[in-house]
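**Student:** In case it helps, this note's numbering puts the sequence shown at residues -6 to 312.
Here a beta-carbon is modelled for each residue, glycine too, at the ideal position from N, C-alpha and C.
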Amino acid sequence: MSIPVKKVWVDDNNAQGLRPTSVHVRLYADGTQVGEFDLNAGNNWSHIFNGLPRYTAGHEIEYTVKEDPIAHYTSSYSGSSATELTVTNTIEGKVSVPVTKKWIGAPADSVTIHLLADGVEVQSANLTAADNWQHTFSNLNQYNNGALINYTITEDAVDGYTTQITGDATNYVVTNTNMKTRDIPVTKVWENQEGDSAEIVLYRDGVEVDRVTITKADDWKHTFSNLEFYDKTDGHEYAYTISETPISGYTTQITGNQDDGFTVTNTAPVVPPTTPPTTPEPKKPSLPYTGDASGIASIVGATALSLSGLGIALRRKNS
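1) Would you kindly check if the distance between the Cβ of Ile193 and the Cβ of Val205 is under 8 Å?
2) Contact check, Gln9 vs Ile63 under 8 Å by CB: the rounded distance?
3) In its own chain, which residues sit with a C-beta less than 6 Å from the C-beta of Asp149, not counting the 5 before and 5 after it?
4) Between His65 and Gly160, what straight-line distance do the alpha-carbon atoms span, to the nearest angstrom?
5) Alpha carbon to alpha carbon, what distance is there between Thr57 and Gly24?
6) Just to confirm before moving on: does the CB-CB distance between Thr168 and Lys87 stay below 8 Å?
7) Can you tell me whether Glu237 is buried or exposed, with buried defined as 16 or more other CB within 10 angstroms of its CB?
8) Look at the alpha carbon of Ser89 and the alpha carbon of Gly249, and state the distance between them as a whole number of angstroms.
9) Where are the beta strand (DSSP E) runs, 3 residues long or more, that stay fully inside the stretch 56 to 128, in chain order?
10) How far does the beta strand (DSSP E) with Gly10 in it reach, from first residue to last?
11) Can you tell me which residues form a DSSP beta bridge with Ala140?
12) Pull up the distance between the alpha-carbon of Ile158 and that of Asn7, whole angstroms please.
13) Per DSSP, what are the beta-bridge partners of Trp2 in this structure?
14) Hey, out of Ser39, Val257, Ala118, whose CA is closest to Ala191's CA?
15) Can you tell me which of Lys0, Gly35, Asn37, Ile(-4) puts its alpha carbon nearest to the alpha carbon of Gly28?
16) With distances taken Cα to Cα, identify the nearest neighbour of Phe255 among Thr216, Tyr223, Asp227, Thr244.
17) Quick one, which of Asn143, Ala162, Tyr154, Tyr136 has its alpha-carbon nearest His128's?
18) Please state whether DSSP places Ala286 in a helix, a strand or coil.
19) Where does Thr181 sit, in a helix, a strand or coil, going by DSSP?
20) Distance, Cα to Cα, Met(-6) vs Leu78?
21) For Lys209, list the residues DSSP reports as bridge partners.
22) Classify Asn36 as buried or exposed, calling it buried when 16 or more other Cβ atoms lie within 10 Å of its own Cβ.
23) Does Asn36 come out as helix, strand or coil in the three-state DSSP assignment?
24) Straight-line CA distance for Gly199 to Tyr233?
25) Relative to the C-alpha of Thr121, which candidate in Leu195, Gly112, Pro100 has its C-alpha closest?
26) Would you mind stating whether Asp4 and Arg12 have Cβ atoms separated by less than 8 Å?
27) Does the Cβ of Ser301 have 16 or more other Cβ atoms within 10 Å, making it buried, or fewer, making it exposed?
28) From the DSSP output, which residues share a beta bridge with Pro262?
29) Output yes or no for whether 8 Å exceeds the beta carbon distance between Leu32 and Gln26.
30) Going along the chain, which residues of its own chain have a beta-carbon closer than 8 Å to the beta-carbon of Thr244, five neighbours each way excluded?
31) Roughly how many angstroms separate the alpha carbons of Ala140 and Pro91, rounded to a whole number?
32) Near Thr155, which residues of its chain fall below 8 Å by C-beta distance, leaving aside the five closest residues on each side in sequence?
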């Protein structure tokens, strides 16, 4: 009798280049080797064992085949000696998919990563600071029916962050960028005399990023809004400061900080009040001097006579 043997490869047409150039197949009769042959592409991976007895000692012989082990492949056998024996080699392998989480800005508490095999989720993992924001999906099948499995990942959305996934199944990196913003209010205060306007300059890490003119129509207030909280490259927190364009005749004092807001106080110099001139009191009028001494003597004499008459009158009244 004759027994045909053929080889079947399940390896995506040798896409990984791991198929050997030949395989050694052995034929057994009731468990005892009775033949062997090398299968290769030249013989179309097939062979026929001819001239084999069907019976021995009154019973039908059972013929089987077995091939020598092949790296990267598993072997399975099917068929029968009455028809055809088939040796199927399926490529096999295990892989691991490492994932690293990177934060730009303050991190969240945790994130959930999903592993997909050819687009179908097969596992998930929760990453936290306790595991150094890393995880490895291990002992994964490398092939599906001989075809290399494409492993990808996704991440559940994290509120307030953007997500960027880079790399491949050999090393995925998931970068979350903190999109937090801040508002910085600025209040203008005038001391002694109010000005017409003030120009405020905003700096981020010492570099000017905005400027605004404040007037009385703004109630001397302005808020710098929607400012980036973190640097998108290295994740450090930005430092915001302000200055004021000098105003002639005023001194400037800036107080506050980026968290609570800034107050800009402009002080004008105090001008002392003007004192009106003192008006002198008018002098009392005096008699004109004529140079005639007789006038003075007449006045003195008249006065003496008046006093003498007054004295005589008083004595008569008393007597």
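**Tutor:** Walking through what the data contain:
1) Locating residue 205 in the sequence shown gives position 212, where the first residue counts as 1. Locating residue 193 in the sequence shown gives position 200, where the first residue counts as 1. Yes, Cβ-Cβ distance for Val205 and Ile193 is below 8 Å.
2) In the sequence shown, counting from the first residue as 1, residue 9 sits at position 16. In the sequence shown, counting from the first residue as 1, residue 63 sits at position 70. That pair is no contact at about 13 Å.
3) Stepping through the sequence shown from its first residue, residue 149 is reached at position 156. Within the same chain, Asp149 has close Cβ partners Thr105.
4) The residue labelled residue 65 in the question sits at position 72 within the sequence shown. The residue labelled residue 160 in the question sits at position 167 within the sequence shown. Near 26 Å, if we compare the C-alpha coordinates of Gly160 and His65.
5) Working through the sequence shown from its first residue, we reach residue 24 at position 31. Working through the sequence shown from its first residue, we reach residue 57 at position 64. Distance between the alpha carbons of Gly24 and Thr57: 8 Å.
6) Taking the first residue of the sequence shown as position 1, residue 168 is located at position 175. Taking the first residue of the sequence shown as position 1, residue 87 is located at position 94. Not closer than 8 Å, so no.
7) Residue numbering aside, residue 237 sits at position 244 when the sequence shown is read from its first letter. Its Cβ being crowded by 16 or more others within 10 Å, Glu237 is buried.
8) Here residue 89 is taken as the residue at index 96 of the sequence shown, counted from 1. Here residue 249 is taken as the residue at index 256 of the sequence shown, counted from 1. One C-alpha to the other measures close to 53 Å.
9) 56 to 60, 66 to 73, 77 to 84, 87 to 97, 103 to 110, 113 to 121
10) As a position in the sequence shown, residue 10 is number 17, starting the count at 1. Here Gly10 belongs to no beta strand (DSSP E), and DSSP marks it neither H nor E.
11) As a working mapping, residue 140 is identified with position 147 in the sequence shown. In the DSSP output, where bridge partners are listed per residue, Ala140 has Asn137.
12) Within the sequence shown, the letter at position 165 stands for residue 158. Within the sequence shown, the letter at position 14 stands for residue 7. Their Cα atoms are separated by approximately 30 Å.
13) Translated into positions along the sequence shown, residue 2 becomes position 9. Paired residue(s): Asn82.
14) In the sequence shown, residue 191 corresponds to position 198, counting from 1. With distances taken between Cα atoms, Ala191 lies closest to Val257.
15) One-based indexing of the sequence shown puts residue 28 at position 35. Nearest option by C-alpha distance: Ile(-4).
16) Reading the sequence shown from its first residue, position 262 is the one you call residue 255. Of the listed residues, the one whose Cα sits closest to Phe255 is Thr216.
17) To locate residue 128, count along the sequence shown from 1; it is residue 135. When each option's Cα is compared against that of His128, the closest is Ala162.
18) The residue labelled residue 286 in the question sits at position 293 within the sequence shown. The predicted position of Ala286 is uncertain, since its pLDDT is 48 and thus under 50; no value can be drawn from it.
19) Numbered from 1 along the sequence shown, position 188 holds the residue referred to as residue 181. Looking at the sequence shown, residue 181 is not Thr but Lys. Looking at Lys181 - three-state DSSP - the assignment turns out to be strand.
20) The residue given as residue -6 occupies position 1 in the sequence shown. The residue given as residue 78 occupies position 85 in the sequence shown. Roughly 14 Å separates the two Cα atoms.
21) Residue 209 sits at position 216 when you count from the first residue of the sequence shown. None, per the DSSP bridge assignment.
22) By one-based count along the sequence shown, residue 36 stands at place 43. The residue is exposed, with fewer than 16 neighbouring Cβ atoms inside 10 Å.
23) Translated into the one-based positions of the sequence shown, residue 36 becomes position 43. If DSSP states are grouped into helix, strand and coil, Asn36 belongs with the helices.
24) If you number the sequence shown from 1, residue 199 lands on position 206. If you number the sequence shown from 1, residue 233 lands on position 240. The alpha-carbon atoms of Gly199 and Tyr233 are separated by roughly 8 Å.
25) In the sequence shown, counting from the first residue as 1, residue 121 sits at position 128. Comparing Cα positions, the closest option is Pro100.
26) The residue given as residue 4 occupies position 11 in the sequence shown. The residue given as residue 12 occupies position 19 in the sequence shown. Yes; because the gap between Cβ atoms is below 8 Å, this pair is in contact.
27) In the sequence shown, residue 301 corresponds to position 308, counting from 1. Interpretation of Ser301 is limited by its pLDDT of 49, a score under 50 that renders its predicted location unreliable; the figure taken from the coordinates is listed afterwards. Classification of Ser301: exposed, given that the 10 Å Cβ count is below 16.
28) For the purposes of this step, residue 262 is taken as residue 269 along the sequence shown, with counting starting at 1. In DSSP, Pro262 forms no bridge with anything.
29) For the purposes of this step, residue 32 is identified with residue 39 of the sequence shown, where counting begins at 1. For the purposes of this step, residue 26 is identified with residue 33 of the sequence shown, where counting begins at 1. No, the Cβ-Cβ distance between Leu32 and Gln26 is not below 8 Å.
30) The count along the sequence shown starts at 1 and reaches residue 244 at position 251. Closer than 8 Å at the Cβ level, and outside the excluded window around Thr244, lie Asn259, Thr260.
31) On the sequence shown, position 147 is the one that residue 140 refers to. On the sequence shown, position 98 is the one that residue 91 refers to. Straight-line Cα distance between these residues: approximately 21 Å.
32) On the sequence shown, residue 155 is found 162 positions in, with the first residue counted as 1. So the list reads Asn169, Thr170, Met172, once near-sequence residues are dropped.
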